[in-house]
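Structure record follows, encoded as structure tokens.
Numbering (my numbering), first residue to last: 52 to 104.
Encoded structure:
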């Protein structure tokens with residue numbers, strides 16, 4: 052209990068197998084989220100344009 056706290060976890064270096072996997076997964080997740088958000092906005096705009104209010 053009196054030991055110093057552990058160092059915060061850092062991202063692995065990019066040019067290692069673990070680093071390439073981690074950064075590739077992070078990039079894929081970000082692209083997937085942006086694609087989903089774009090699809091949701093397009094669907095919303097199409098539904099709004101097609102629905103008379």
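From the three backbone atoms N, C-alpha and C, an ideal C-beta is built for every residue, glycine too.
Boundaries (first-last residue) of the alpha helix (DSSP H) holding residue 82: Where residue 82 is concerned, the enclosing alpha helix (DSSP H) stretches over 68–101.
Proximity below 9 Å, CB of residue 59 to CB of residue 70: No, they are not a contact pair.
Contacting residues, own chain, Cβ-Cβ under 7 Å from residue 73 (five flanking each side not counted): Once the five neighbours on either side are set aside, the close Cβ partners of residue 73 are 62 and 63.
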